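Residue numbers (our numbering), protein chains in the order written: chain A, 8 to 401; chain B, 8 to 401.
Note that the Cβ used here is the ideal one computed from N, Cα and C, for glycine as well.
Being a predicted model, the structure only gives us computed values, none of them experimental.
Number of protein chains: 2
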Amino acid sequence: MADDIFTDLEGVFGNGISAGIKPNKRDLAYIYVPNAVACAGVFTLNKFIAPCLTYTQKIMKSQVVKAVIINSGNANAGTGKIGLANAKKTSQHAARLLNLKPSEVAVASTGIIGVQLPMDKVLSGLDTLLANASVKEGHAVSDAILTTDLCDKIVHVSCKIGKKNIVVSGIAKGSGMIEPNMGTMLAYLVTNASIPQAQLQVILQDACDESFNMISVDTDTSTNDMALLFATGEKKFQLVSRVEREAFQNLLTEACQILAKKIARDGEGATKLIEVQVVGASSRRDARKVAKLIVNSPLVKTAMHGEDPNWGRVLMAAGKDPEVKFSADKLSLFFNEQVIVKEGEIVATREQLAPVLKKETIVILLDLNLGHGRATAWGCDLTNKYIDINTAYS
Amino acid sequence: MADDIFTDLEGVFGNGISAGIKPNKRDLAYIYVPNAVACAGVFTLNKFIAPCLTYTQKIMKSQVVKAVIINSGNANAGTGKIGLANAKKTSQHAARLLNLKPSEVAVASTGIIGVQLPMDKVLSGLDTLLANASVKEGHAVSDAILTTDLCDKIVHVSCKIGKKNIVVSGIAKGSGMIEPNMGTMLAYLVTNASIPQAQLQVILQDACDESFNMISVDTDTSTNDMALLFATGEKKFQLVSRVEREAFQNLLTEACQILAKKIARDGEGATKLIEVQVVGASSRRDARKVAKLIVNSPLVKTAMHGEDPNWGRVLMAAGKDPEVKFSADKLSLFFNEQVIVKEGEIVATREQLAPVLKKETIVILLDLNLGHGRATAWGCDLTNKYIDINTAYS
């Protein structure tokens with residue numbers, strides 16, 4: 008159902024309000040899972056990491072996080088010692104209002120880099136927001152974390168594992184500065200399964216590698232990327248068997264891929280979703296690299312925007328990394344199932360290719376014919392609107 | 008002098024004509040150095056390399072190349088076995104007309120990928136072009152190799168080495184698909200020095216690493232990048248001493264940097280030249296990586312285009328590679344000498360930064376304060392015009 012939202016899960020609360028960080032838009036939110044049995048997190052690999060992430064990573068080492076405070080409109084990044092103190096202050100203030108320890112309250116920020124958080128607005132906003140923390144306004148949370156996003160990104164999937172109905176439900180934001188490694192991208196997920204912390208962390212990392220870490224809007228990795236997964240523990244479910252573990256892994260990966268594709272499709276200025284499937288690579292690592300190179304190429308992205316059958320740019324992009332095994336004589340290339348190159352030779356005309364590019368989703372399939380490595384990446388076209396949005400962001 | 012051109016050198020010939028590969032523009036040219044004592048070449052590292060480069064790399068292993076045939080309007084890339092046969096045919100036909108061996112005639116192409124060369128036009132064009140090969144129309148060559156370039160790229164520098172006046176003179180083209188590794192970018196240089204082949208090759212590679220390999224318009228590496236340097240041998244000069252060798256290396260690097268900056272400034276749609284100087288890195292390798300990450304970031308490029316003092320994007324870009332040593336607490340950042348971050352703390356306002364961004368050349372200086380590694384990279388802003396050019400290239 009389109010209206011399902013993560014706060015529908017038992018023991019999951021959240022709300023979002025306008026605290027005045029941005030003009031006339033929700034900009035401050037919380038997610039609160041008081042009885043969480045585990046909380047896993049994956050963070051940006053950018054070395055210029057925001058202080059709020061430094062803080063959150065630190066507290067997650069010792070404690071199961073039960074809540075997260077998220078603001079949009081200001082990334083609290085590049086803000087030095089003051090920024091770190093502000094992250095801490097936010098966590099401490101929220102913890103007091105929620106009757107938690109500060110080390111149980113994560114903080115996340117997204118927005119402009121290099122400007123200090125307006126702490127008066129954040130703290131008084133928290134007073135209003137957390138006056139009653141037992142509400143289930145998940146859609147308000149989803150709205151409050153958006154920045155240049157044009158639409159919300161919500162997922163709610165479930166499957167039977169054993170006899171239990173296991174749900175994964177979540178939200179994400181992200182539109183620019185997207186090549187997650189992890190990607191600003193924020194994603195918050197909850198599951199009703201009871202999974203131990205260490206196992207949940209591994210499962211979340213794997214799901215992110217196959218979803219958020221395979222999308223790119225503009226190759227830029229945010230300083231603030233964060234994905235959190237709370238386990239409410241409602242369904243006592245220990246994932247003892249390999250089959251059950253895999254079933255949960257697949258469910259979570261599916262949820263993350265749905266969010267990831269929504270982010271790619273909503274890339275700043277985008278009009279098309281581009282899915283790149285690389286098969287026949289000599290390794291999975293090579294396949295991932297090639298898929299990312301194609302989805303990141305500005306010349307591929309502009310050609311797709313122009314519905315221009317300039318397929319040579321895809322092969323140009325595929326060959327960019329000198330360390331990837333590649334043979335121009337062996338590869339085959341398809342656009343939305345229309346073959347264009349077969350084992351190195353051109354087998355269709357540009358005119359034959361043109362009609363398939365009119366679709367809103369373009370699936371580019373490159374078979375390197377060298378081995379069994381495969382990977383899929385998602386991105387979007389590059390348009391004048393991306394330029395317009397980003398020449399005057401602040 | 009602005010009018011100096013490479014064919015001014017003794018024993019260097021060239022011309023360019025319209026052969027009908029493109030409508031109403033010069034598109035076929037030759038450079039001919041009948042008494043060349045050496046010819047060095049640096050080529051793209053893209054694995055999806057064009058057949059003309061495969062051919063040229065092969066002949067250069069056994070022979071000193073004396074001439075190169077260059078066409079624009081068609082890259083002869085992604086063209087399989089027919090493409091390779093066409094490259095060979097072009098070389099053979101030109102060799103007959105010039106009384107050279109085919110293995111002395113290099114071929115280069117630039118333009119659209121995935122379309123076979125119109126060989127009837129190429130061969131009859133060569134008949135016209137080489138009917139008299141002893142002409143010195145260097146400017147016509149420079150014009151014939153351009154594609155989306157808005158201006159020609161010409162360099163002519165000289166210095167005294169010992170008692171000899173050594174000249175390096177050349178031309179280049181390139182505007183999009185530019186992150187040379189080597190970069191489509193074509194560059195042709197001649198020197199009047201007499202330098203042995205093996206030594207010339209090392210010197211050219213070093214010069215390219217400090218110039219063409221440090222520019223980026225759009226991160227896309229062409230399938231057809233090529234730089235050639237002919238030595239006419241006029242000045243018998245063996246580069247025996249280290250001092251003399253270094254003097255020649257510096258002269259050639261300077262010439263290549265002048266061409267590289269002209270390419271970056273003429274990047275498709277560009278309105279500004281961006282120079283990124285990274286100092287204080289823990290190694291030269293790290294400095295090169297960080298400089299390239301900054302110059303390649305679409306969010307940095309759009310901010311510079313919008314003259315938006317969104318300096319946080321520079322640090323975001325600088326931190327993207329998890330393998331680079333980086334400390335957010337230690338770094339200092341300057342734009343055109345205006346300090347904005349000092350040892351990790353913000354020391355100027357966005358308002359103070361705004362005026363310096365109005366200049367046409369933006370020099371971004373990042374001091375990582377970790378060691379002695381340094382590097383400079385050049386790029387350009389990202390504009391609507393880049394999108395317009397590339398959504399409908401073909």
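In chain order, what residues of the same chain have a beta carbon less than 6 Å from the beta carbon of residue i, not counting five sequence neighbours either side?
{"i": "A382 of chain B", "result": "V285, A294, R295, A298"}
{"i": "P217 of chain B", "result": "The displayed chain sequence assigns Glu, not Pro, to residue 217 of chain B. Counting only Cβ-Cβ distances below 6 Å, and skipping sequence neighbours, we find T260."}
{"i": "G386 of chain B", "result": "S223, A271, I281, V302"}
Identify every residue that forms a DSSP beta bridge with residue i.
{"i": "Y393 of chain A", "result": "Partner(s): none; Y393 of chain A has no beta bridge."}
{"i": "V112 of chain A", "result": "A:A74"}
{"i": "K175 of chain B", "result": "Per the sequence presented here, residue 175 of chain B reads as Val, with Lys not at that position. Answer by DSSP bridge pairing, in chain order: B:V164, B:T198."}
{"i": "A234 of chain A", "result": "A:V49, A:A194"}
{"i": "S79 of chain A", "result": "A:T117"}
{"i": "S339 of chain B", "result": "B:D374"}
{"i": "K332 of chain A", "result": "Its beta-bridge partners do not exist; DSSP assigns none."}
{"i": "G23 of chain B", "result": "B:A36"}
{"i": "A382 of chain B", "result": "B:V285"}
{"i": "Q345 of chain A", "result": "A:F342"}
{"i": "S223 of chain B", "result": "B:G386"}
{"i": "K143 of chain B", "result": "B:G21"}
{"i": "K279 of chain B", "result": "Its beta-bridge partners do not exist; DSSP assigns none."}
Any C-beta of chain B sitting closer than 8 Å to the C-beta of residue i?
{"i": "G313 of chain A", "result": "yes"}
{"i": "W385 of chain A", "result": "no"}
{"i": "K327 of chain A", "result": "yes"}
{"i": "G121 of chain A", "result": "yes"}
{"i": "R295 of chain A", "result": "no"}
{"i": "I394 of chain A", "result": "yes"}
{"i": "R292 of chain A", "result": "no"}
Check each candidate in the options and name the one with the smallest Cα separation from residue i.
{"i": "A355 of chain B", "options": "B:A234, B:N317, B:I301, B:T368", "result": "B:N317"}
{"i": "N78 of chain A", "options": "A:M126, A:K269, A:V363", "result": "A:M126"}
{"i": "Q264 of chain A", "options": "A:Q204, A:F237, A:A310, A:G177", "result": "A:G177"}
{"i": "V250 of chain B", "options": "B:G169, B:L104, B:K279, B:G326", "result": "B:G169"}
{"i": "Q256 of chain A", "options": "A:G380, A:D213, A:V148", "result": "A:D213"}
{"i": "E367 of chain A", "options": "A:L124, A:T97, A:G313, A:R252", "result": "A:G313"}
{"i": "A94 of chain A", "options": "A:S69, A:K73, A:L107, A:Q64", "result": "A:Q64"}
{"i": "E483 of chain A", "options": "A:V209, A:G85, A:A238", "result": "This structure leaves residue 483 of chain A out entirely; chain A is present only between 8 and 401."}
{"i": "I76 of chain B", "options": "B:F55, B:A140, B:V283, B:S69", "result": "B:A140"}
{"i": "G240 of chain A", "options": "A:V197, A:K279, A:M67", "result": "A:V197"}
{"i": "D315 of chain B", "options": "B:K73, B:V321, B:A361, B:E352", "result": "B:A361"}
{"i": "T154 of chain A", "options": "A:A82, A:L107, A:I353", "result": "A:A82"}
{"i": "C46 of chain A", "options": "A:G351, A:S248, A:P203", "result": "A:P203"}
{"i": "S289 of chain B", "options": "B:L236, B:R103, B:G27, B:G380", "result": "B:G380"}
{"i": "K308 of chain B", "options": "A:Y393, A:L306, A:Q123", "result": "A:Y393"}
{"i": "F13 of chain B", "options": "B:Q99, B:S165, B:K128", "result": "B:S165"}
{"i": "G27 of chain B", "options": "B:K73, B:A113, B:S131", "result": "B:S131"}
What residues in its chain sit with their C-beta under 8 Å from that of residue i, if we drop five residues either side in the sequence?
{"i": "K242 of chain A", "result": "K171, N172, I173, N199, A200, S201"}
{"i": "M189 of chain A", "result": "For M189 of chain A, the pLDDT reaches just 38, beneath the cut-off of 50, and the residue's location in the model is therefore unreliable, although a value from the coordinates is still provided. Only V49, F50, T51, L52, C215, F219, N220, D232, M233, A234 meet the Cβ criterion."}
{"i": "D395 of chain A", "result": "G276"}
{"i": "D328 of chain B", "result": "K296, V297, L300"}
Quick one: is residue i near chain A, going by C-beta distance under 8 Å?
{"i": "G378 of chain B", "result": "no"}
{"i": "T390 of chain B", "result": "yes"}
{"i": "M189 of chain B", "result": "With a pLDDT of 38 at M189 of chain B, under the threshold of 50, the modelled position of this residue cannot be trusted; read the value that follows with caution. With 8 Å as the cut-off, M189 of chain B does not count as an interface residue toward chain A."}
{"i": "G27 of chain B", "result": "no"}
{"i": "K365 of chain B", "result": "no"}
{"i": "N397 of chain B", "result": "yes"}
{"i": "G351 of chain B", "result": "yes"}
{"i": "T309 of chain B", "result": "yes"}
{"i": "L52 of chain B", "result": "yes"}
{"i": "L124 of chain B", "result": "no"}
{"i": "F333 of chain B", "result": "yes"}
Using C-beta distances below 7 Å, list every residue in its chain close to residue i, excluding the 5 sequence neighbours before and after it, in chain order.
{"i": "D150 of chain B", "result": "G23, R33, D159"}
{"i": "L136 of chain B", "result": "N22, I24, L35, Y37"}
{"i": "G7 of chain B", "result": "Because residue 7 of chain B is not part of the residues shown, which for chain B are 8 to 401, the question remains open."}
{"i": "V331 of chain A", "result": "D293, K296, V297"}
{"i": "S334 of chain B", "result": "L377"}
Segment contact flag, the stretch 40–47 of chain A with the stretch 23–31 of chain A, C-beta cutoff 8 Å, min 3 pairs: With fewer than three CB-CB distances shorter than 8 Å, the stretch 40–47 of chain A does not count as touching the stretch 23–31 of chain A.
Is the number of C-beta pairs between the stretch 366–379 of chain A and the stretch 332–351 of chain A that are closer than 8 Å three or more? yes
Counting Cβ pairs, one atom from each stretch, are 3 or more of them under 8 Å apart for the stretch 107–120 of chain A and the stretch 9–18 of chain A? no
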